[in-house]
Amino acid sequence: MSKFRKKAKVKQEIPTSSMPDVVFMLLFFFMVTTQMRETSINVKQQLPEATMLKKLARKSLVAYLYIGEPKKTEQWGKEPKIQVNDVFIEPKDVIQWVNSEKAKLQEFERDQMTVSLKVDSDAKRGIIADVETELRKANARLVLYSTLQRRTD
Amino acid sequence: MPRPTPDIPSASMADIAFLLLVFFLVTTTIANDRGLSIQLPPPPEAMPPDMDVKIQERNLFKIQVNSFDNVLVEGNPFTGSPAELTDMIKKFVLNYGADPNSSDNPEKAIVSYKTDRGTSHKKFIEILDAVQSAYYQIYADNAGVSVRKWLELSSDLADPQNRELYDLGRKKRPDGTVEIPMALSIAEPTKAGGK
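Those sequence lines, one after another, are chains A and B.
So in the numbering used here, spot 33 of the first sequence is number 33, and the numbers just go up one at a time.
So in the numbering used here, spot 185 of the second sequence is number 185, and the numbers just go up one at a time.
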C-alpha cells in the first residue's frame with residue numbers, strides 16, 4: 001500500500017509572477033479598443049442580419065441616426081422614432097441635423113459624409129423612406145444600413 | 001553605511017490591474033460599423049424635368065414587397081430563399097440578349113425594388129442583401145477574387161491596386177463608362193400598411 005502513498009517530489013505550482021504582465025496586456029487591449037459611448041440609445045436596437053457587409057473606411061466621416069420603437073413606451077408610445085445625438089426628432093428636422101453634422105467636418109470632406117442608419121428590424125419602411133427623402137434633400141446621399149453579419153453554416 | 005533601499009510594495013499591482021481590466025471589460029462596446037451601403041439618388045427637384053427615359057420591359061427586373069412581407073418577383077409570388085433570388089438576378093444581368101424576356105446587356109439591366117410603407121426593415125434588408133449579393137458575386141468573379149475580398153477592397157479604393165481590381169470587376173471601359181453598373185432602383189414606398 002505504501003506504493004500509492006508516495007508523493008511526487010515535483011513542485012505543483014503555476015508560476016504567477018507573469019500574471020500582472022498578462023493582465024496588463026489584456027488591459028491595454030481593452031483600453032485601446034474601447035470607445036466611450038457619448039449618447040445613450042433610447043430606441044430598441046435589434047439590427048437585422050445580412051451577408052454582404054461593407055466596412056466604413058473612415059469613422060470620422062460617419063453620422064449616426066437611430067430608428068426604432070422607444071424603450072420608454074409609456075412616455076413616447078410604441079411608434080418607431082428617430083433619434084440623433086440624445087434627442088428624438090421628426091423627419092423634417094433631419095436636414096438641420098445633417099447640416100450641423102456636416103459643419104463639424106472639413107469643407108472638402110463634407111460630400112463624403114456617410115449616414116449610418118441603425119434601424120431596428122421591426123421598424124417599418126415608411127419612416128425610413130421619410131428619412132431617406134430628407135437625406136436626399138440635404139444632399140447626404142451616402143447611406144449605410146447598419147446590420148449584423150449573418151452566420152452562414 | 002548602506003541605506004535601506006526604498007521599494008514600493010508590488011504585490012497588489014495585479015489587483016489594481018484586474019480592477020481596471022474589469023472596468024474596461026464592462027464599459028467596452030466593440031464598434032459595429034458594418035452594413036449594406038447604398039447611394040441615394042439626387043433629390044427630385046434636382047432631376048431634369050424631361051427625364052422620361054423609356055426602359056424596355058425586358059431590361060427591368062421587378063421586385064415588390066407588400067406590407068405583409070410577401071414578395072413578388074417579376075409579377076409572380078416568390079417564396080424561395082434569398083440565394084435563389086440572387087441566382088435569378090445574376091442570370092438576368094448576365095443574359096446578354098440570349099433570353100428574349102431577359103436583359104439585353106448588363107449596362108441596360110435595372111433591378112427595380114419597390115416596398116410598401118408597412119414592409120418591415122428586416123425584410124427590406126434581406127432582399128437588398130440578395131440583390132447586392134448578385135452584383136458582388138459577378139464583380140468578384142470578373143476580378144478573380146473571393147466575394148469577401150471584393151467587399152474588402154471596394155471599401156478602400158485609395159489603394160491603386162484595389163482600384164485596378166475594382167475597375168476590372170465592374171469592367172470599366174477606357175472611356176470611363178462601366179459595363180456592369182449596379183443599377184438598383186429603390187422606389188418610394190407605396191402607402192399601404194403604414195401611416
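From the three backbone atoms N, C-alpha and C, an ideal C-beta is built for every residue, glycine too.
As the structure is a prediction and not an experimental result, all values here were calculated from the model.
Query	Result
With a cut-off of 8 Å, does the C-beta of M19 (chain A) fall near any C-beta of chain B?	yes
Could you please give me the residues that DSSP links to P189 (chain B) through a beta bridge?	Its beta-bridge partners do not exist; DSSP assigns none.
Anything in chain A within Cβ reach of A14 (chain B), meaning under 7 Å, just list it in chain order.	M19, P20, V23
Compute every distance between the C-beta of A14 (chain B) and the non-hydrogen atoms of the ligand MG, then say whether any falls below 7 Å.	Although the ligand MG was asked about, the structure shown includes no ligands whatsoever.
Any idea if I197 (chain B) is buried or exposed, counting beta-carbon neighbours within 10 angstroms, 16 or more meaning buried?	Since the first and last residues shown for chain B are 1 and 195, residue 197 (chain B) lies out of range.
So, does the CB of E132 (chain A) fall closer than 8 Å to a CB anywhere in chain B?	yes
Which two residues bound the contiguous alpha helix (DSSP H) that contains L227 (chain B)?	The question about residue 227 (chain B) has no answer here: the residues shown for chain B are numbered 1 through 195.
Can you give, in chain order, each stretch of the beta strand (DSSP E) that sits fully within the segment 46–101 of chain B and has at least 3 residues?	60–65, 71–73, 76–78
Work out the CA separation of I89 (chain A) and Y113 (chain B) for me, nearest whole Å.	28 Å
Contact criterion: CB-CB distance below 8 Å. Does Q161 (chain B) meet it with respect to chain E?	Protein chains A and B are contained in the structure displayed, whereas chain E is not.
Strictly under 8 Å for the Cβ-Cβ distance: is P48 (chain A) near chain B by that measure?	yes
Of the choices A:N42, A:V32, A:K54, A:P20, whose alpha-carbon is the least far from that of K116 (chain A)?	A quick correction: the sequence has Ser, not Lys, at residue 116 (chain A). Residue A:K54 is the option with its Cα nearest to S116 (chain A).
Along the segment 143–161 of chain B, what residues have a CB closer than 9 Å to any CB found in chain A?	V147, L151, E152, S154, S155, D156, L157, A158
Under three-state DSSP, which class holds R34 (chain B)?	strand
Label L19 (chain B) either buried or exposed according to how many other C-beta atoms from any shown protein chain fall within 10 Å of its C-beta, with 16 as the threshold for buried.	exposed
Could you check how far apart the C-beta atoms of I55 (chain B) and I110 (chain B) are, in whole angstroms? I think they sit under 8 Å.	6 Å
I'd like to know whether the C-beta atoms of A130 (chain B) and F24 (chain A) end up nearer to each other than 8 Å.	no
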